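Protein chains in written order, with the working numbering: chain Y, 8 to 426; chain L, 37 to 611. Ideal Cβ placement from N, Cα and C applies to all residues, glycine included. Bear in mind that the values here come from a model prediction, so they are computed numbers and not experimental data. Worksheet: the structure to be examined is printed underneath.
Right, dumping it as structure tokens:
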């Protein structure tokens with residue numbers, strides 16, 4: 008998608024807008040030509056002062072309501088100021104003046120997207136394509152709408168079209184690369200992301216995902232380096248921090264993982280995901296008390312973070328603190344009712360307390376949510392054995408064995424056995 | 037051994053008259069005995085006396101750098117009185133390497149005769165068990181030909197070796213005529229009379245389908261599954277071809293017959309077999325077989341009493357953790373840690389996983405109690421091999437020892453909270469199903485760091501407490517002398533079966549002392565590639581009498597003994 012012009016630091020209330028408008032109206036009526044006003048507004052917009060720019064342009068539009076350029080620029084400026092309803096009205100006005108303008112329709116589409124009205128944006132974009140098939144950025148916008156709607160084939164089709172008109176668009180290459188990465192087509196992902204990085208070396212997102220691809224390709228050193236360099240250019244990306252730390256824990260020096268996470272905290276990135284990752288890291292290092300502290304900190308920031316509750320529960324469970332573990336597993340399950348694992352672990356604790364029937368219900372729920380996880384099948388089998396339902400138990404054991412076999416085969420396809 | 041024994045009241049008061057009173061008092065004393073034992077446990081110190089004792093064999097296991105999996109599994113330890121002088125001797129199988137040694141410098145295994153004064157004499161050459169150049173793994177003693185002279189079976193790469201005992205600590209290699217033909221990589225071995233014909237049969241675990249005649253093993257990082265947390269490491273066992281364990285029936289006349297096929301044992305190569313132990317896990321009078329498999333589910337074979345086995349690992353709960361996960365099974369032991377009369381199981385595993393203690397619930401059903409017992413959490417950082425239930429402080433409860441060491445020498449560089457050399461671990465049985473790790477307080481031997489492998493347990497100085505011999509990878513062994521374990525009372529038994537199964541392998545003894553009821557079996561082969569002192573040892577704590585000793589001989593005969601003096605070994609012959 009075309010990058011949105013830099014917005015002001017915060018929207019200003021309508022009252023303030025009005026006052027500014029009036030003030031600038033007085034100042035601006037000194038005889039500047041429409042072209043000079045538009046140019047001045049553009050500079051203000053581009054320097055992060057879109058509200059002031061809008062005031063200038065609004066005055067101009069008031070004076071020359073049939074001036075397409077003024078309306079279009081005002082719409083663009085309201086969009087930059089995140090005043091989407093205003094932008095939408097002005098864009099409509101511009102289209103009314105010049106229905107054939109692809110710029111105005113493109114802008115309207117962007118505003119509709121910003122308003123979450125993808126279905127209305129799509130016809131506008133199609134109309135732009137019909138008018139100007141080689142216009143850069145349009146197919147990419149359509150692709151992103153398809154992506155949000157889960158129409159991934161259509162998304163890919165549009166992004167590929169975008170590349171035919173704009174073969175050096177690193178953002179589109181990155182989007183395609185990410186799509187291939189997410190669908191397991193690693194070689195294709197690698198090729199697209201490599202091109203994106205070579206076209207735009209500072210594009211952190213491309214390096215981030217190329218790093219992920221390299222890790223999946225077992226080119227661990229390269230993957231870690233790419234993540235590291237992406238993080239240097241995008242230090243506020245908490246997900247990248249977490250991914251990099253996870254990779255360092257698995258494939259690099261785990262001490263570096265800890266350093267990366269703590270450095271993120273030091274620079275003020277107090278994202279609960281970082282505390283959760285620190286908790287997981289401490290668990291891996293068998294520092295269970297530290298893990299508990301980190302996971303509790305994550306929950307102070309985000310009490311409804313199901314992952315934090317889950318790992319806190321796992322840690323308590325390992326420490327033999329069953330009551331606390333049960334409470335946290337229950338909370339994790341409440342927050343993420345479709346997560347099969349919390350149900351499974353609740354079942355395990357209930358089973359260990361002799362509450363076999365309740366445990367069985369939990370194991371069945373876990374299986375219902377994810378049938379290919381061997382663990383609840385085994386646990387269910389053991390519980391059924393305990394209450395004498397041997398035939399059912401044997402069936403569950405057979406399923407468990409079959410799933411383990413499949414898992415074993417999968418592991419040998421690519422994942423380190425020792426891992 | 038050579039430690040001033042704290043004064044113990046009633047130590048000599050083993051007269052018949054005193055026993056009656058003691059028996060009456062014993063019930064009320066039982067709980068006090070346990071408490072006393074617990075207090076005493078901290079005063080037990082283990083000291084590594086191997087160098088001074090003359091146990092100096094330098095272990096060789098491939099190259100020190102360890103680039104292939106054959107260099108990582110390591111060797112066991114076997115204990116037996118090979119020369120019938122009443123003292124427990126030590127056999128240490130040794131490994132080798134692919135790169136040739138200068139002539140005459142090939143590694144050899146070693147047999148050390150216990151001189152009874154705290155030192156050992158290397159009698160390997162005259163015993164004829166050096167097997168120079170043979171890359172050995174494990175060993176087990178047993179009198180397979182019932183001639184009263186113990187024999188020795190050795191596993192390793194490419195073949196087995198069966199040494200027939202000639203008496204006086206001398207042996208003869210009779211492999212060629214024994215019918216024991218093995219290729220590939222054999223590991224843990226265990227003797228046991230599985231079909232009740234009185235002759236010792238033999239189970240041999242096999243790990244990979246690999247020996248010197250096989251193509252070279254893949255190098256670190258050369259295959260997709262040769263990485264550990266991103267670091268190139270030795271390949272396997274996952275991704276390499278497993279082998280199958282072998283069951284040999286003793287046909288008599290010194291000949292064994294491979295009966296693996298048709299016996300009910302797993303014959304599809306699906307498990308990387310290491311530790312094996314025969315035990316009558318369901319107390320039905322025949323020996324069942326438990327096999328620890330690396331990265332694959334363990335096998336538990338139920339014996340139908342007629343020489344047919346059914347693999348019931350999964351249904352019994354012995355194959356997987358409580359989460360239904362296969363572990364990296366290494367060493368194994370069967371022993372009754374909670375004195376409920378049923379042998380429980382312990383299996384050592386990989387680092388960042390736990391040693392698995394399985395409680396025997398009866399009817400061949402096991403529950404993973406690792407975490408609840410305290411064993412699980414404490415063993416997460418370590419990679420365990422040799423293992424045994426032993427009552428090191430004679431308090432009447434079986435404790436647990438685990439020999440530890442990693443398989444990746446470069447693991448230290450990864451800073452994962454685990455290391456190549458590790459402390460061995462000792463766990464004190466606190467009762468009520470709980471264990472407490474006492475490694476830090478169990479003496480200087482537990483401060484040492486080694487990459488330990490096999491471990492065997494026995495009273496090497498006949499002082500009434502259990503010592504431990506550990507085979508350390510690429511180093512000399514350790515002899516962990518137990519100082520102070522005999523502060524509690526004890527009783528021991530050497531069983532002599534006859535006319536067959538002279539070592540009474542598979543016999544079960546139940547000792548009643550007050551409310552304390554302990555059970556032990558004679559195993560020939562357990563732990564990691566190892567076998568223990570065949571005598572059975574029972575700690576009695578502060579109890580000063582034993583009311584009843586019940587021996588169930590391997591043939592089914594039950595013998596009851598009463599009023600036996602304590603604090604000594606008794607030799608009992610099968611009636």
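- prompt: From what residue to what residue does the alpha helix (DSSP H) around residue 248 of chain Y run?
  reply: First-last of the alpha helix (DSSP H) with residue 248 of chain Y: 245-258.
task: With DSSP as the reference, please indicate the residues paired to residue 175 of chain L in a beta bridge.
output: Beta bridge pairing from DSSP links residue 175 of chain L with L/190.
message: Would residue 293 of chain Y pass as an interface residue toward chain L - the criterion being a Cβ-Cβ separation below 9 angstroms?
response: Taking Cβ atoms only, chain L reaches closer than 9 angstroms to residue 293 of chain Y, which makes this a yes.
- prompt: Can you tell me where the beta strand (DSSP E) with residue 324 of chain L in it begins and where it stops?
  reply: Where residue 324 of chain L is concerned, the enclosing beta strand (DSSP E) stretches over 324-330.
query: Using the rule of at least 16 other Cβ atoms within 10 Å of the residue's Cβ for burial, across every protein chain shown, is residue 176 of chain L buried or exposed?
result: It is buried - the Cβ of residue 176 of chain L has at least 16 other Cβ atoms within 10 Å.
field: Residues from the region 249-270 of chain Y in contact with chain L, defined by Cβ distance under 7 angstroms
entry: Going along the region 249-270 of chain Y in chain order, one finds 257, 258, 259, 260, 261, 262 with a Cβ nearer than 7 angstroms to chain L.
message: Rounded to whole angstroms, what is the Cα-Cα separation between residue 394 of chain Y and residue 358 of chain Y?
response: A straight line joining the alpha-carbon of residue 394 of chain Y with that of residue 358 of chain Y spans about 11 angstroms.
message: Can you tell me whether residue 190 of chain L is buried or exposed? The criterion is at least 16 other CB atoms within 10 Å of its CB, across all chains shown.
response: By the 10 Å Cβ count, residue 190 of chain L comes out buried.
- prompt: Would you say residue 401 of chain Y reaches chain L, if we count a Cβ-Cβ gap shorter than 9 angstroms as a contact?
  reply: Among the residues facing chain L, residue 401 of chain Y is included, as its CB has a counterpart in that chain under 9 angstroms away.
task: Compare the C-beta of residue 453 of chain L with all C-beta atoms of chain Y and state if any pair is closer than 9 angstroms.
output: Using a CB distance cut-off of 9 angstroms, residue 453 of chain L counts as an interface residue toward chain Y.
message: If the cut-off is 8 angstroms on Cβ atoms, which residues from the region 348-376 of chain L count as contacting chain Y, listed in chain order?
response: Going along the region 348-376 of chain L in chain order, one finds 350, 351, 353, 356, 358, 359, 360, 361, 362 with a Cβ nearer than 8 angstroms to chain Y.
query: Can you give the beta carbon distance from residue 332 of chain L to residue 307 of chain L, rounded, assuming they're within the 8 angstroms contact cut?
result: The beta carbons of residue 332 of chain L and residue 307 of chain L sit about 5 angstroms from each other, so the pair counts as a contact at 8 angstroms.
task: Under 6 angstroms Cβ to Cβ from residue 414 of chain L, same chain only, skipping five residues before and after it: list those, please.
output: Listed in chain order, the non-local C-beta contacts of residue 414 of chain L below 6 angstroms within the same chain comprise 473, local neighbours out to five positions each way being set aside.
task: Return the Cβ separation of residue 181 of chain Y and residue 216 of chain Y in integer angstroms, given the expectation that the two are a contact with Cβ distance under 8 angstroms.
output: A Cβ-Cβ separation of about 7 angstroms places residue 181 of chain Y in contact with residue 216 of chain Y under the 8 angstroms criterion.
- prompt: Does the Cβ-Cβ distance between residue 326 of chain L and residue 370 of chain L come in under 9 angstroms?
  reply: In this structure, residue 326 of chain L places its C-beta atom within 9 angstroms of the C-beta atom of residue 370 of chain L.
- prompt: residue 327 of chain Y touches chain L at which residues, Cβ-Cβ below 9 angstroms?
  reply: Using a Cβ-Cβ cut-off of 9 angstroms, residue 327 of chain Y is close to 407, 408, 410, 412, 413 of chain L, given in chain order.
query: Does DSSP put residue 137 of chain L in a helix, a strand or coil?
result: Of the three classes helix, strand and coil, the one that applies to residue 137 of chain L here is coil, per DSSP.
message: Below 8 angstroms on the Cβ atoms is my contact criterion, and I expect residue 575 of chain L with residue 429 of chain L to pass it. Report the Cβ-Cβ distance as a whole number of Å.
response: Contact between residue 575 of chain L and residue 429 of chain L holds: CB atoms are separated by about 7 angstroms, below the 8 angstroms threshold.
task: Check distances from the C-beta atoms of the region 263-294 of chain L to those of chain Y and list, in chain order, the residues that come in under 7 angstroms.
output: Listed by position, the residues of the region 263-294 of chain L near chain Y (Cβ gap below 7 angstroms) are 263, 264, 265, 266, 269, 274, 275.
field: Interface partners of residue 416 of chain L on chain Y, CB under 9 angstroms
entry: The answer, in chain order, is 293, 325.
Residue 371 of chain L (DSSP reduced to helix, strand or coil): Correct three-state label for residue 371 of chain L: strand.
field: Within-9 angstroms CB hit, residue 457 of chain L to chain Y
entry: It does not; no Cβ of chain Y falls within 9 angstroms.
- prompt: For residue 125 of chain L, does the three-state DSSP call read helix, strand or coil?
  reply: Strand.
query: What residues are listed by DSSP as bridge partners for residue 355 of chain Y?
result: According to DSSP, which records beta bridges pairwise, residue 355 of chain Y is partnered with nothing at all.
message: Along the chain, where does the beta strand (DSSP E) containing residue 461 of chain L start, and where does it finish?
response: Note, residue 461 of chain L: beta strand (DSSP E), 461-467.
task: Tell me where the alpha helix (DSSP H) around residue 215 of chain Y begins and ends.
output: Segment 211-223, the alpha helix (DSSP H) holding residue 215 of chain Y.
query: Listed in chain order, which residues of the region 371-392 of chain Y have Cβ atoms closer than 9 angstroms to some Cβ of chain L?
result: Those residues of the region 371-392 of chain Y that come within reach of chain L (Cβ to Cβ, closer than 9 angstroms) are 381, 382, 383, 384, 385, 386, 388, 389, 392.
- prompt: Which same chain residues, not among the five before or five after residue 398 of chain L, have their C-beta less than 8 angstroms away from its C-beta?
  reply: Correct list, in chain order: 318, 378.
query: For residue 565 of chain L versus residue 173 of chain L, is the C-beta distance shorter than 9 angstroms?
result: Against a cut-off of 9 angstroms, the Cβ pair of residue 173 of chain L and residue 565 of chain L comes out as a contact.
message: Going by DSSP in three states, residue 397 of chain L sits in which element: helix, strand or coil?
response: Correct three-state label for residue 397 of chain L: strand.
Coarse secondary structure for residue 225 of chain L, derived from DSSP in three states: Under the three-state reduction of DSSP output, residue 225 of chain L falls in the strand class.
message: Closer than 8 angstroms between beta carbons: that is the criterion. Which residues of the region 240-264 of chain L meet it against chain Y?
response: Here the close residues are 260, 261, 262, 263, 264.
- request: Determine whether the Cβ of residue 146 of chain Y lies closer than 9 angstroms to any Cβ atom of chain L.
  value: False, the Cβ-Cβ gap to chain L never drops below 9 angstroms.
query: So residue 326 of chain Y is in the alpha helix (DSSP H); what residue range does that whole segment cover?
result: Run containing residue 326 of chain Y: none; DSSP gives neither H nor E here.
- prompt: Along the chain, where does the alpha helix (DSSP H) that runs through residue 49 of chain Y open and close?
  reply: Per DSSP, residue 49 of chain Y belongs to the alpha helix (DSSP H) from 41-53.
- prompt: Is DSSP giving residue 204 of chain Y helix, strand or coil here?
  reply: Correct three-state label for residue 204 of chain Y: helix.
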